[in-house]
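A.B. asks:
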Amino acid sequence: CNPNTGNIAPNPVATLDTKDGVYDCSFSESVSSHIVYARGDSRVNLWDYQNNVILRDWKEHQAEVYSVDWNLINKENIISGSWDNTIKLWNLITRECVGTLVGHTRAVMSLAAISVTILVSGSHDSSIKLWNIQTRELITTLSGHTQAVTSVVAVSDHMIASASYDESIKLWTMPYITLEKLLFSLH
8 CNPNTGNIAP
18 NPVATLDTKD
28 GVYDCSFSES
38 VSSHIVYARG
48 DSRVNLWDYQ
58 NNVILRDWKE
68 HQAEVYSVDW
78 NLINKENIIS
88 GSWDNTIKLW
98 NLITRECVGT
108 LVGHTRAVMS
118 LAAISVTILV
128 SGSHDSSIKL
138 WNIQTRELIT
148 TLSGHTQAVT
158 SVVAVSDHMI
168 ASASYDESIK
178 LWTMPYITLE
188 KLLFSLH
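With my numbering applied, the sequence shown covers 8 to 194.
Quick look at the structure:
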């Protein structure tokens, strides 16, 4: 507690020192002590911070891993995006990479698993892509940014938000259809 202000100064609950830069991290909703993180040496790690143990150390990307996320619906799956222009799908049960999505021409900057079957990705190539996680197929590409897309997020089941180095935030809507209906109408 700071005696001058009465405020409580925050202290870290846990610290993990790594041998390379950490670009992104995400908490598990099913196991509160698990954090997945993206490393500059092309690795994806799963850390149990309560026991201070690295549970998984995956290295299949060919360049820095810039983004990671849990599939919040299918909680045993993790996704990662890299400077090698690919997206990897990881399964905690099999402890393996279960798929690679190829389609961006530059680094994958941001990822969001927005349903059991749909993943959205934003890239340094200024595009946003919607993917079918189950079939590993590209559903569609959204164009409109002029520079790198640094963040993507599902706002609702029919709207996506994106942020870019082009100094803009864009909301992408698909009126009268949900993302799940979009997926099934394209296949």
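The C-beta atom is built at its ideal place from N, Cα and C for all residues, glycine as well. No experiment lies behind these values; they were computed from the predicted model shown.
The beta strand (DSSP E) that contains residue 46, what's its start and end?
C.D. replies: Counting along the chain, the beta strand (DSSP E) containing residue 46 begins and ends at 41–46.
A.B. asks: Is residue 82 near residue 35, with beta carbons less than 8 Å apart?
C.D. replies: Yes, the Cβ-Cβ distance between residue 82 and residue 35 is below 8 Å.
A.B. asks: Fully enclosed by the segment 93–160, which alpha helix (DSSP H) runs are 4 residues long or longer?
C.D. replies: DSSP runs (the alpha helix (DSSP H)) wholly in the segment 93–160: none.
A.B. asks: The beta strand (DSSP E) that contains residue 81, what's its start and end?
C.D. replies: Here residue 81 belongs to no beta strand (DSSP E), and DSSP marks it neither H nor E.
A.B. asks: Take residue 281 and list the residues in its own chain whose beta-carbon comes closer than 7 Å to its own, dropping the five residues that flank it on each side.
C.D. replies: The requested residue 281 is not part of the displayed model; the chain covers only 8 to 194.
A.B. asks: Mapping the DSSP letters down to three states, classify residue 51 as helix, strand or coil.
C.D. replies: Of the three classes helix, strand and coil, the one that applies to residue 51 here is strand, per DSSP.
A.B. asks: Rank 43, 155, 170, 132 by C-alpha distance to the C-alpha of residue 31 and give the top, closest one.
C.D. replies: Here the closest residue by C-alpha is 43.
A.B. asks: In three-state DSSP terms, what is residue 170?
C.D. replies: Residue state, collapsed to three classes: strand.
A.B. asks: Under three-state DSSP, which class holds residue 90?
C.D. replies: Residue 90: coil per DSSP, three-state reduction.
A.B. asks: Less than 8 Å between the CB atoms is what I'm expecting for residue 29 and residue 87, so what's the real figure, rounded?
C.D. replies: That pair is no contact at about 13 Å.
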